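Please read the structure below before turning to the comments.
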Amino acid sequence: MTVPPPLALLAEVTHRCPMRCVYCSNPLALEPASRELPTAVWNRVLNEAADYGVLQVHFSGGEPTARPDLPDMVAHATRCGLYTNLITSGVLLDKTQLPALADAGLEHVQISIQDVDPTSAERIGGLTGAHERKLTAARWVTELGLALTINAVIHRGNVERVGDMIELAAALGAGRVEIAHVQYYGWALANRAALLPSRQQLDLATKTVEEARTALRGRVMIDYVIPDYHARLPKACMGGWGQRFVNIEPMGRVLPCHAATTIPGMRFETVLDGSLAQIWEHSAAFNQFRGTEWMPEPCASCNRREIDWGGCRCQALALTGDAAATDPVCHKSPYHATVKTLAGAETSSEQGALFYRGDRRVQQTAMGYLGPMAGAAEHG
Amino acid sequence: MTTADALQDDRRPRFAPHVRMTFDARRGRWVVQAPERLLMPDEIATEVLQRCDGRSIKEIIDGLVQAFDAPREEIAKDVVVLIGNLQRRGILVS
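Protein chains in written order, with this note's numbering: chain A, 3 to 382; chain B, 105 to 198.
In structure tokens form, the structure reads like this:
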């Protein structure tokens, strides 16, 4: 079987980040700066990726702008012919760094916002003053003529302001908006009971998004990701394991998705162990859930098996304890009823306390499963 | 817009800022790159998109009629549908 090369590289150049978002998809245990891959190694990886067939690179983190060598890496990616995206909170961007990135050939900046209301936004993001800094950064992005996406992560505390967030994004000059309901892994899983919106709230948000899509057609593209727990069909996580995306961690581990490290018994090679192509095609980790051969029933005989690829392995693990099970979001999964019950129970409770990075209570409640970039980038 | 209108259409569709079509040597095909998006146009779409370089819709249709020796009405319909679709998705502007 020949394995087609990946389309996109998610380059997590650092785990460092001044924000402490309560739905952060990064691991509970972060890599320190001292273990991050140096510029030269990232540049070598970018060469390999472009030669192998990767078309886009997403510089991400953590907060990628925490690395002073980011413009060098972006310039190198541009020289390799890669289309460059920066996924940032925007809070560290300053008036000198952003032009340096633009000069390096950066095409597109995605800035996340937490709400339109600064108090609510900063309660979720855990950093005072962040909201205004994000808006300033977004304005600089469009002033420099770069493409801007505003990413708004939706949960019970801001779901009623979805329309306002889209309006804000349009006013900032975003050509694209991502309205992404929180996906429940990592920190978000620890905070799920406080974050999951009710079915009714979700339906209202969906209606708002549909209306905004019509009103803004041709001006602002809106991508919409619903929370899995209220769905009947699972998402094709990462477009299928080992099919479209390759994720590289700050210290160089090569992953099918950035949540994969928590699946017990899996071993991941690093960019120091071999070439990207070798790892993508031949490593046990990439082949473990690639394609359809690994699938249990009801996936194996399902006519959607090459549409959703069995859903999300990390969600299967988080909710059933078995990473090789059918994603229980699927109505055919024997665990599906449990997910529905859980969604109903948690959303009928009052919004409770939130756990932040650095808060020791989290270690006992979170299981350490991280969030894949599901639905974050549509390729098709 | 009807296809009859398209034959007179002087709007000039072009790629939106930071959207570009490049040849993917590895896969032997043209691809359209946009912010966090990637489109793989089929052969007909590729032919249309290669002409979205400042030409009017009418000129694009004329060029395709000449290149492919196909009925003008049929080509006009394909072009209008494709360009409309890509404008809604923010890939083309005019």
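The C-beta atom is built at its ideal place from N, Cα and C for all residues, glycine as well. Computed from a predicted structure; not experimentally measured.
Simplified DSSP assignment, three categories, for residue i
{"i": "Ala182 (chain A)", "result": "strand"}
{"i": "Val47 (chain A)", "result": "helix"}
{"i": "Ala13 (chain A)", "result": "strand"}
{"i": "Tyr85 (chain A)", "result": "strand"}
{"i": "Leu153 (chain B)", "result": "helix"}
{"i": "Pro34 (chain A)", "result": "coil"}
{"i": "Glu380 (chain A)", "result": "At Glu380 (chain A) the pLDDT is 32, less than 50, meaning the model places this residue with poor confidence and gives no usable figure here."}
{"i": "Thr367 (chain A)", "result": "With a pLDDT of only 33 at Thr367 (chain A), under 50, the local geometry of the prediction cannot be trusted, and the value read off the model is given with reservation. If DSSP states are grouped into helix, strand and coil, Thr367 (chain A) belongs with the helices."}
{"i": "Phe247 (chain A)", "result": "strand"}
{"i": "Ile152 (chain A)", "result": "strand"}
{"i": "Asp225 (chain A)", "result": "strand"}
{"i": "Lys334 (chain A)", "result": "coil"}
{"i": "Met125 (chain B)", "result": "strand"}
{"i": "Leu319 (chain A)", "result": "helix"}
{"i": "Gly373 (chain A)", "result": "Residue confidence for Gly373 (chain A) is low, a pLDDT of 29 falling below 50, so the modelled location carries little weight; the figure read from the coordinates is stated next. Gly373 (chain A) falls in the coil class under three-state DSSP."}
{"i": "Val161 (chain A)", "result": "helix"}
{"i": "Phe119 (chain B)", "result": "strand"}
{"i": "Leu39 (chain A)", "result": "coil"}
{"i": "Thr263 (chain A)", "result": "helix"}
{"i": "Leu191 (chain A)", "result": "helix"}
Limits of the unbroken beta strand (DSSP E) element including residue i
{"i": "Ser62 (chain A)", "result": "58-62"}
{"i": "Trp134 (chain B)", "result": "133-138"}
{"i": "Asp205 (chain A)", "result": "Segment 201-217 is the alpha helix (DSSP H) holding Asp205 (chain A); no beta strand (DSSP E) there."}
{"i": "Ala172 (chain A)", "result": "No beta strand (DSSP E) holds Ala172 (chain A); the alpha helix (DSSP H) holding it covers 164-173."}
{"i": "Arg141 (chain B)", "result": "141-143"}
Anticipated Cβ contact below 8 Å, residue i with residue j, distance rounded
{"i": "Thr349 (chain A)", "j": "Leu206 (chain A)", "result": "With a Cβ gap of about 13 Å, Thr349 (chain A) and Leu206 (chain A) do not count as contacting."}
{"i": "Thr67 (chain A)", "j": "Gln99 (chain A)", "result": "6 Å"}
{"i": "Thr183 (chain A)", "j": "Ile224 (chain A)", "result": "It is His, not Thr, that sits at residue 183 (chain A) in the sequence shown. At roughly 13 Å, the Cβ-Cβ gap does not stay under 8 Å, so His183 (chain A) and Ile224 (chain A) are not in contact."}
{"i": "Thr86 (chain A)", "j": "Gly55 (chain A)", "result": "Not really, about 16 Å apart at Cβ, beyond 8 Å."}
{"i": "Ser91 (chain A)", "j": "Met167 (chain A)", "result": "In fact, because the Cβ distance is near 15 Å, the residues do not count as touching under 8 Å."}
{"i": "Lys34 (chain A)", "j": "Arg130 (chain B)", "result": "The amino acid occupying residue 34 (chain A) in the given sequence is Pro; Lys does not appear at that position. Contact flag wrong, Cβ pair sits at about 36 Å."}
{"i": "Gln116 (chain A)", "j": "Arg158 (chain A)", "result": "Rounded, the Cβ-Cβ distance is 13 Å, inconsistent with contact."}
{"i": "Asp329 (chain A)", "j": "Gly312 (chain A)", "result": "6 Å"}
{"i": "Pro117 (chain B)", "j": "Ser198 (chain B)", "result": "4 Å"}
{"i": "Val135 (chain B)", "j": "Val123 (chain B)", "result": "Wrong, their Cβ atoms sit about 11 Å apart, outside the cutoff."}
{"i": "Lys162 (chain B)", "j": "Asp128 (chain B)", "result": "Actually they do not touch by this definition, with Cβ atoms about 30 Å apart."}
{"i": "Glu38 (chain A)", "j": "Thr16 (chain A)", "result": "6 Å"}
{"i": "Asp230 (chain A)", "j": "Val331 (chain A)", "result": "5 Å"}
Residue range of the unbroken alpha helix (DSSP H) whose run includes residue i
{"i": "Asn189 (chain B)", "result": "176-192"}
{"i": "Thr349 (chain A)", "result": "338-349"}
{"i": "Ala326 (chain A)", "result": "It is not in any alpha helix (DSSP H) - Ala326 (chain A) carries neither H nor E in the DSSP assignment."}
{"i": "Arg130 (chain B)", "result": "Where Arg130 (chain B) is concerned, there is no enclosing alpha helix (DSSP H), given that its DSSP letter is neither H nor E."}
{"i": "Arg194 (chain A)", "result": "194-197"}
{"i": "Ala282 (chain A)", "result": "Checking the sequence shown, residue 282 (chain A) turns out to be Trp, not Ala. Segment 278-284, the alpha helix (DSSP H) holding Trp282 (chain A)."}
{"i": "Ala171 (chain B)", "result": "161-172"}
Please list the residues of the region 75-100 of chain A that have a C-beta atom closer than 8 Å to any C-beta atom in chain B, keeping them in chain order. Gly83, Tyr85, Asn87
Any chance you could list the beta strand (DSSP E) runs of at least 3 consecutive residues sitting entirely within the region 59-146 of chain A, in chain order? 85-90, 110-115
Listed in chain order, which residues of the region 99-119 of chain A have Cβ atoms closer than 8 Å to some Cβ of chain B? Glu109, His110, Gln112
Contact residues within the region 283-314 of chain A, judged by C-beta distance below 7 Å to chain B: So nothing in the stretch comes that close.
When Cβ atoms are compared, which residues of the region 172-196 of chain B fall closer than 7 Å to chain A? Gln191, Arg192, Arg193, Gly194
Just by C-beta distance, which residues in the region 159-191 of chain A are closer than 7 Å to chain B? Gly177, Arg178
Would you list, in chain order, the members of the region 240-258 of chain A that have their beta-carbon closer than 8 Å to a beta-carbon of chain B? none
Got a sec: which bits of the region 132-146 of chain B sit with their beta carbon under 9 Å from any beta carbon on chain A, in order along the chain? Val135, Gln137, Ala138, Pro139, Glu140, Arg141, Leu142, Leu143, Met144
What residues in the region 216-243 of chain A have a beta carbon less than 7 Å from any beta carbon of chain B? Arg219, Gly220, Met223
Against chain B: residues of the region 43-59 of chain A by CB proximity under 7 Å: Gly55, Leu57, Gln58
Identify each residue in the region 158-169 of chain B for which the Cβ-Cβ distance to at least one residue of chain A is less than 9 Å, and report them in chain order. none
Determine which residues of the region 139-151 of chain A have a Cβ less than 9 Å from any Cβ of chain B, and write them out in chain order. Listed by position, the residues of the region 139-151 of chain A near chain B (Cβ gap below 9 Å) are Gly147, Leu148, Ala149, Leu150, Thr151.
Against chain B: residues of the region 6-17 of chain A by CB proximity under 7 Å: Pro7, Leu9
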